[in-house]
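Numbering (UniProt numbering), first residue to last: 1 to 67.
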């Protein structure tokens with residue numbers, strides 16, 4: 001399984017925000033991305049869900065992927 005499929009939506013969002021912040025040359029965009037990263041910190045954790053097939057509990061992204 002590739003790394004992209006094992007990351008949660010929250011983890012992918014953080015990676016993209018940090019990479020955008022790292023590569024911007026604009027102080028205005030950098031400030032907006034800093035604010036977005038601060039808001040990301042306030043997001044609730046990804047809730048765990050039960051698989052309807054096997055009954056195991058896990059992250060929704062990972063439940064969709066397993067057999």
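All C-beta atoms, glycine included, are put in the ideal place defined by N, C-alpha and C.
Which first and last residues belong to the alpha helix (DSSP H) in which residue i is found?
i	result
residue 34	27–41
residue 7	Here residue 7 belongs to no alpha helix (DSSP H), and DSSP marks it neither H nor E.
What does the alpha-carbon distance come out to for the pair residue i and residue j?
i	j	result
residue 54	residue 41	32 Å
residue 58	residue 15	22 Å
residue 24	residue 52	43 Å
residue 12	residue 64	17 Å
Are the CB atoms of residue j and residue i within a distance shorter than 7 Å?
i	j	result
residue 33	residue 17	yes
residue 30	residue 22	no
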